[in-house]
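So the sequence shown is residues 1 to 725, counted in the UniProt record's numbering.
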Amino acid sequence: MATVLYRLGRASFRHRWLVLIIWVVVLGGLGGAAAAFSGATSSDFTMPGTESQRAIDALKSQFPEASGATGTIVVAAPQGQQLTGAKSTVDGLVAEASKLPGVLGALDPFQTGAVSQDGRYGLITVQFADRADKVTDEQRTAYENSGAAARQSGLTVEHGGEVMNSEPEVGGTEGIGVLIALVVLVVTFGSLVAAGMTMLNALIGVGAGMAGLYALSGAVQLTSTAPVLALMLGLAVGIDYSLFITSRHRQNLVEGLAPDEAAGRAVGTAGSAVVFAGATVVIALAGLFVVNIPFLTVMGLAAAGTVAVAVLVAITLQPALLGFAGRRILPRRLRKASGTGESVVHHVEGFGFRWARAITRFRVPVLLIGVIGLGALAIPAADMRIALPGASAGPTDSPARKAADLIDEGFGPGFNGRLALVVSTDSADTTKAKAQEALGVLQGTPNLLAATPPNFSRDGKTALLAVIPKTGPTDEATETLVHDVRARVKQVQGADIALTGQTAVGIDVSEKLSDAMPRYLLLVVGLSVLLLMLVFRSILVPLKAAAGFLLTVGATFGITVLVFQQGHLASLVGLDTPGPLVSFLPILLIGILFGLAMDYEVFLVSRMREDYVHGAGPQEATISGMGHGARVVTAAALIMTSVFAGFILLDDPVIKSMGFALAIGVAIDAFVVRMTIVPAVVSLLGRAAWWLPGWLSKILPNVDIEGEKLREHLAAVPEPEPAHV
Numbered sequence: 001m002a003t004v005l006y007r008l009g010r011a012s013f014r015h016r017w018l019v020l021i022i023w024v025v026v027l028g029g030l031g032g033a034a035a036a037f038s039g040a041t042s043s044d045f046t047m048p049g050t051e052s053q054r055a056i057d058a059l060k061s062q063f064p065e066a067s068g069a070t071g072t073i074v075v076a077a078p079q080g081q082q083l084t085g086a087k088s089t090v091d092g093l094v095a096e097a098s099k100l101p102g103v104l105g106a107l108d109p110f111q112t113g114a115v116s117q118d119g120r121y122g123l124i125t126v127q128f129a130d131r132a133d134k135v136t137d138e139q140r141t142a143y144e145n146s147g148a149a150a151r152q153s154g155l156t157v158e159h160g161g162e163v164m165n166s167e168p169e170v171g172g173t174e175g176i177g178v179l180i181a182l183v184v185l186v187v188t189f190g191s192l193v194a195a196g197m198t199m200l201n202a203l204i205g206v207g208a209g210m211a212g213l214y215a216l217s218g219a220v221q222l223t224s225t226a227p228v229l230a231l232m233l234g235l236a237v238g239i240d241y242s243l244f245i246t247s248r249h250r251q252n253l254v255e256g257l258a259p260d261e262a263a264g265r266a267v268g269t270a271g272s273a274v275v276f277a278g279a280t281v282v283i284a285l286a287g288l289f290v291v292n293i294p295f296l297t298v299m300g301l302a303a304a305g306t307v308a309v310a311v312l313v314a315i316t317l318q319p320a321l322l323g324f325a326g327r328r329i330l331p332r333r334l335r336k337a338s339g340t341g342e343s344v345v346h347h348v349e350g351f352g353f354r355w356a357r358a359i360t361r362f363r364v365p366v367l368l369i370g371v372i373g374l375g376a377l378a379i380p381a382a383d384m385r386i387a388l389p390g391a392s393a394g395p396t397d398s399p400a401r402k403a404a405d406l407i408d409e410g411f412g413p414g415f416n417g418r419l420a421l422v423v424s425t426d427s428a429d430t431t432k433a434k435a436q437e438a439l440g441v442l443q444g445t446p447n448l449l450a451a452t453p454p455n456f457s458r459d460g461k462t463a464l465l466a467v468i469p470k471t472g473p474t475d476e477a478t479e480t481l482v483h484d485v486r487a488r489v490k491q492v493q494g495a496d497i498a499l500t501g502q503t504a505v506g507i508d509v510s511e512k513l514s515d516a517m518p519r520y521l522l523l524v525v526g527l528s529v530l531l532l533m534l535v536f537r538s539i540l541v542p543l544k545a546a547a548g549f550l551l552t553v554g555a556t557f558g559i560t561v562l563v564f565q566q567g568h569l570a571s572l573v574g575l576d577t578p579g580p581l582v583s584f585l586p587i588l589l590i591g592i593l594f595g596l597a598m599d600y601e602v603f604l605v606s607r608m609r610e611d612y613v614h615g616a617g618p619q620e621a622t623i624s625g626m627g628h629g630a631r632v633v634t635a636a637a638l639i640m641t642s643v644f645a646g647f648i649l650l651d652d653p654v655i656k657s658m659g660f661a662l663a664i665g666v667a668i669d670a671f672v673v674r675m676t677i678v679p680a681v682v683s684l685l686g687r688a689a690w691w692l693p694g695w696l697s698k699i700l701p702n703v704d705i706e707g708e709k710l711r712e713h714l715a716a717v718p719e720p721e722p723a724h725v
C-alpha cells in the first residue's frame, strides 16, 4: 500500500493543477446537487419492530386524523385569577389555532377538561395533518406566532408539543474550535503557509463531504443530528490527516529530499497511516448497522462518508497543495538550507523524548496511577441512564422549554410525558367495549395520574386513550409505568392494543440501544485487536490497545454522566437542566472513539515498531517512537479536542453532550492512554511486545504501514529527477 500511495502522492504533486481543478469541479458539482436535491431532516427517532412504532403505524392507516404531529398551546391567567374570566379570549385563540395552515383542528380546554385544578392554566391541543418532520417552517412559524391577541389581554401564551421539534442550529460559535485549531497549526508548523494550507485542505474536504450528504438527503431520511455529527468528524479528522501528511513532508524536506519526492514519501508513509486510521473510523461507524436501528445506521453512514472524503482529500489534494506551497511550507530559517539537497536536521531532543524517558523510567507507578485514575473516573458510568430528551431538557429560553415549564407548573411533570393507548378491532362496538375494558384495568396502576376516556376514529374501529403519568418523560418511574401499562392491557383479549407517544418511543429506543451496546462493544474491541494485529504483527500490542480503549470509553462515560446527568459543573458547559444522556450517545461514542483511538495508536506505535525492527532495543524503540511522534500527536489531539469542544457552545443539549463527550474522550485517549499508559506498557513488556507466533505470521497479510516495502522499492530504482517548484 505504501508504494501505491507514494506514486499517487508524487503524481498529485507533479500534476497539482489537474488535481486542484478536479476537486474544485467535484466540490461545485456536489454543491449544486445539494442545492437541487436536498431534503428536510427529521427529529423523529422511530424504531421499527417496537410496540410504540407499531401503534404509530396503526394510527396512520386506521386513525389518520390523529396520526399527525400535535401542538400544545399553554395559556395561563395572571396570578390569582382563573381562565374562566377570559373564556372568550381562550375561545378566540382556539378558533385562531383551528385555522392555522396545516392544522386539522384545535380542542377547547374547557370542553376537554384540560384546565388545571386551580383554574388558572389550560391546554389547547392542536392537531396537525402531517408528522412533525413534514410540517413546514411556514406552518411552524404561524403556529408559534398565534395568540398575540390573548397575550395583549393579559394571558401568558406558550407554544409546545412535538411540532416544535426543530433541527439544531449550527451557527458561528463552533467556529471558535476551528480558530483554536488554526492557532495550534501555526504554533506546530511555525509557518502561516503550512497552517493555512492544512486548514484549507480540511475545509475543502468537509465541504465536499457535507455537500454530498445533503445531496443524498432528498432520497435518504436523515435525522437532524446526523449532519452535525458528520460536520464534527469531518472537520476534526480532516485537519488531523492533513497535519500528519504535512508534518512528514516537512521532515522529508529538511532531510534534503526534493519537494516532489518529499511529498511522495509523505503520502507513502504518513498517508498509509491516514488510510488505515480513516478505514478504522469508517468501519466502526458503518458497523452501526449491526445494531439494526435505521436512524442510527444512517447517522453512522453519514459520518463515515465525510471521513472517507477527508481521507481522499488528504492523499490527493494535500500533496497538490504542497506543490503550490513549495519550500514556503518550511519556516524561513530552513527554506534556503533545505534547497541544498543536504539534511538540515538538528538532533535536539524535544519534550517528547524527555517525556518518554520519564515514562519508561517510572513505568510501573505511571501505569498504576493511569489505570487506577481512569478506573475511578469510570465509576459514575455505573449509574448511567439514557433517554431521548424532551422539551423539558431544552434551553430555558426556547419556546418549547417555556411551554414545558408552564405545563409542569400548572399540571405537573406527567403532562409533558403523556402517553397514547391505541385500541383496534374489526368492529366499532367491540372497540368501544374493549377501550372501556382497557380503561378499567388501568385503574390503580402505580404512578398513573389519569387515563382519559377514548376518542374514536371515524369508523369507530380504533380508539385513542390518553395515559398521563405522575412523573416526567425521562423519570425512571415513568419507564416503569410504561411497562406496567403494557402488562395490564394484555389482560384485554380480542383487541390489538399498543402504547405509544413520544415518551414511549423514547423508552423503546433507549432499551433497544442498551441491549445492542454490549454486542457492538464486543464487535469494536474484536475488530481493534484484529486490525492492530495486521498492522503491528504482534499479539500483546493489540490487546494492550483494546484495554486502553476500554479505559478511555469508561472514563469518558463516567465524566459525561457526572456533568450531564448528575449536574456537577454543568454551568461550565452551559447546561440548563441535567438529565439522562441522549440514548444514542454511548453507542456512537464507542464507534467514534474507537476509530480515533486507533489513529494515535498507529501514529505512535508504528514508529516504535519501525525502530525495533531496524535493530533498536525495546526501551530505545519506545523512546524514539514517542520522541518523534509526540509533537504531531499532541497537536492533532489538541486540534480534534478543540473542534469537538466548539460544539459545546451550541444551545441544543444533544449536540452539546456529543461535543463534550468526544472532546473529553479524545483528550483522555491521546494524553493519558496513548502518550502515557501505552509507552509504559510497551517498555514493560520489552521484546515480548513484538512477539508473534510463526504460524500466525504466515497467515496474516503484511499491510506495510511503516513503508518497509517502499524503502526497498526506492533503494532498487534510480533516484528520480526532481520536479520544478
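Backbone N, C-alpha and C fix where the C-beta goes; we use that ideal spot for every residue, glycine too.
What distance in whole Å lies between the Cβ atoms of residue j and residue i, which are believed to be in contact at a cut-off of 8 Å?
i    : j    : result
A2   : T269 : 6 Å
S583 : V509 : 5 Å
A132 : E162 : 5 Å
I677 : G659 : With a Cβ gap of about 25 Å, I677 and G659 do not count as contacting.
V274 : V313 : With 8 Å as the limit, V274 and V313 do not qualify as a contact, their Cβ atoms being about 10 Å apart.
V529 : A546 : 5 Å
R609 : W690 : 7 Å
A286 : L301 : 6 Å
State yes or no: is the C-beta of residue i within less than 8 Å of the C-beta of residue j?
i    : j    : result
A498 : R151 : no
I135 : T70  : The amino acid at residue 135 is misidentified as Ile; the sequence shows Val. Their beta carbons are not under 8 Å apart, which means V135 does not touch T70 by this criterion.
A208 : L439 : no
G627 : G196 : no
A284 : G595 : yes
A106 : A97  : yes
A277 : M598 : yes
L543 : V485 : no
S272 : L5   : yes
M384 : F644 : no
L521 : I590 : yes
V632 : F244 : yes
A403 : T72  : yes
T425 : F63  : no
E476 : I507 : no
Within 10 Å of its beta-carbon, does residue i have 16 or more other beta-carbons around it, so buried, or fewer, so exposed?
i    : result
F189 : buried
E138 : exposed
S343 : Low confidence applies to S343: its pLDDT is 49, below 50, so where it sits in the model is not reliable enough to give any reading.
F37  : exposed
E601 : buried
W695 : exposed
R363 : buried
V525 : buried
Q111 : exposed
S571 : exposed
T396 : exposed
K490 : exposed
A378 : buried
Q318 : buried
H724 : Its pLDDT being 48, under 50, H724 is placed unreliably in this model, and the value from its coordinates should be taken loosely. It counts as exposed.
Judging by CA-CA distance, which residue of the options is the nearest neighbour of residue i?
i    : options                : result
P473 : L532, P580, Q566       : P580
A358 : S98, L700, G32, T622   : T622
V178 : A689, L203, V291, V157 : L203
P618 : G686, L5, L419, M210   : G686
A211 : S12, V26, V467, G567   : V26
A661 : T223, S642, E437       : S642
L374 : D669, L540, G160       : D669
G92  : Q82, V75, G102, F536   : V75
G119 : F411, A663, A230, K432 : F411
G326 : G160, V290, L257, V307 : L257
Q251 : G414, R519, A263, R14  : A263
Alpha helix (DSSP H) runs wholly inside the stretch 100 to 158, at least 4 long, in chain order: 109 to 112, 137 to 145, 148 to 152
For the stretch 587 to 671, which segments carrying the alpha helix (DSSP H) assignment without a break, of at least 4 residues, lie completely within its bounds, in sequence order? 618 to 646, 653 to 667
Write down every uninterrupted run of the alpha helix (DSSP H) in the UniProt domain "SSD" (192 to 324) whose length is 4 residues or greater and which is fully enclosed by it, in chain order. 192 to 216, 226 to 254, 259 to 286
Could I get the ranges of all uninterrupted alpha helix (DSSP H) runs contained in the stretch 499 to 536, with 4 residues as the minimum, in chain order? 502 to 536
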